[in-house]
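Numbered per the numbering used here, the sequence shown spans residues 6 to 217.
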Amino acid sequence: MDNRSGESPAQERKSGAAGGVDVILAADHLGNAQEVADGIGPGVKVAETADAVARGDQVVFATWFATTKDLLATYRDQLVGKIVIDPSNNIEPDDAGGVRSLNPDGVSAGQQLSQLLPDGARYVKAFGTLPAEALDATTTDAGATPVLFYATDDKKAGLVVADLISAAGFDPVRAGGIDATGRIEVFGDLHPFGGLDGRLLDRREAERLVKG
6 MDNRSGESPA QERKSGAAGG VDVILAADHL GNAQEVADGI GPGVKVAETA DAVARGDQVV
66 FATWFATTKD LLATYRDQLV GKIVIDPSNN IEPDDAGGVR SLNPDGVSAG QQLSQLLPDG
126 ARYVKAFGTL PAEALDATTT DAGATPVLFY ATDDKKAGLV VADLISAAGF DPVRAGGIDA
186 TGRIEVFGDL HPFGGLDGRL LDRREAERLV KG
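Given below as structure tokens:
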């Protein structure tokens, strides 16, 4: 599935594959997905979306917000028992060449999407907290491992996602529960296109900012 949350789908999956994580790249058109998979490297499998959802223990919906809503409805029953990872931002281009939020005031994309999951599915916001160019970064300016935030109410699911973040070469830091997802979305105080103003953080600074 194409990523529309500010990251590159190839970079995201390349990081996971390089970390020894089994990756299934899903798409409605397998030819396009296979081309992306070939660019990522060996070990990346391609499947139709329904098959990938059925086979995966963790499912990353790296799609536009509206598309993610549709996918959650389409595959609702198949998501029971799975960890659903959401990197989306509910934004659109504005007339000034930037982007604007489409969220209702005071409500994050994560808060909206998490409500659409069936009972038994476990929601984690992650992998949308860095711009595409930062996904190739291996250290901060000070030489530390860069932090990648995640947010969830389910601490066990969060630990699974934290392992995926570590496998991708980043230092995982929990920003809080679902009520904190807005902090790690675009315009949030813990997002590079928000309060961080493009900065990569190390763990010490990230944990200090999470505590406020």
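All C-beta atoms, glycine included, are put in the ideal place defined by N, C-alpha and C.
Quantities reported herein were computed from a predicted structural model and do not represent experimental measurements.
Enumerate in chain order the residues of its own chain whose CB-to-CB distance from R105 is below 7 angstroms, with the five nearest sequence positions on each side excluded. The count along the sequence shown starts at 1 and reaches residue 105 at position 100. Closer than 7 angstroms at the Cβ level, and outside the excluded window around R105, lie I96, E97, D99.
Let me check one thing: in DSSP terms, what residues is R179 bridge-paired to? Locating residue 179 in the sequence shown gives position 174, counting from the first residue. Partner(s): Y155.
Please classify G217 as buried or exposed, where buried requires at least 16 other C-beta atoms within 10 Å of its C-beta. Here residue 217 refers to the residue found at position 212 when the sequence shown is read from its first residue. Here G217 is exposed: its Cβ has fewer than 16 other Cβ atoms, across all protein chains shown, within 10 Å.
Report yes if the C-beta distance between R188 and G163 is below 7 angstroms; otherwise report no. Here residue 188 corresponds to residue number 183 of the sequence shown, with the count starting at 1. Here residue 163 corresponds to residue number 158 of the sequence shown, with the count starting at 1. Taking 7 angstroms as the cut-off, the beta carbon of R188 is found no closer than this to the beta carbon of G163.
If I follow the unbroken alpha helix (DSSP H) through Q117, where does it start and stop? By one-based count along the sequence shown, residue 117 stands at place 112. It spans 114–119 - the alpha helix (DSSP H) in which Q117 sits, taken as one unbroken run.
Decide yes or no for the touch test of the segment 64–73 against the segment 41–52: beta carbon pairs closer than 8 angstroms, at least 3 of them. Touching, no, given that fewer than three Cβ pairs across the two stretches are closer than 8 angstroms.
Flag this pair as yes or no: are the beta carbons of R81 and P123 separated by less than 7 angstroms? Locating residue 81 in the sequence shown gives position 76, counting from the first residue. Locating residue 123 in the sequence shown gives position 118, counting from the first residue. For R81 and P123, yes; Cβs fall inside 7 angstroms.
Can you round the beta-carbon distance between G115 and A156 to whole angstroms, since I take them to be within the 8 angstroms contact cut? Numbered from its first residue, the sequence shown carries residue 115 at position 110. Numbered from its first residue, the sequence shown carries residue 156 at position 151. Sure, about 7 angstroms apart at Cβ, within 8 angstroms.
For K161 and L169, I'd like the C-alpha separation in whole angstroms. Locating residue 161 in the sequence shown gives position 156, where the first residue counts as 1. Locating residue 169 in the sequence shown gives position 164, where the first residue counts as 1. So the alpha carbons of these two residues sit roughly 13 angstroms apart.
When A173, N94, V51, G125 are compared against G193, the one with the closest alpha-carbon: Locating residue 193 in the sequence shown gives position 188, counting from the first residue. Comparing Cα-Cα distances from G193 to each of A173, N94, V51, G125, the minimum goes to N94.
Looking only at C-alpha atoms, which of V58, A78, F132, S171 sits nearest to L121? By 1-based counting over the sequence shown, the position of residue 121 is 116. With distances taken between CA atoms, L121 lies nearest to A78 out of V58, A78, F132, S171.
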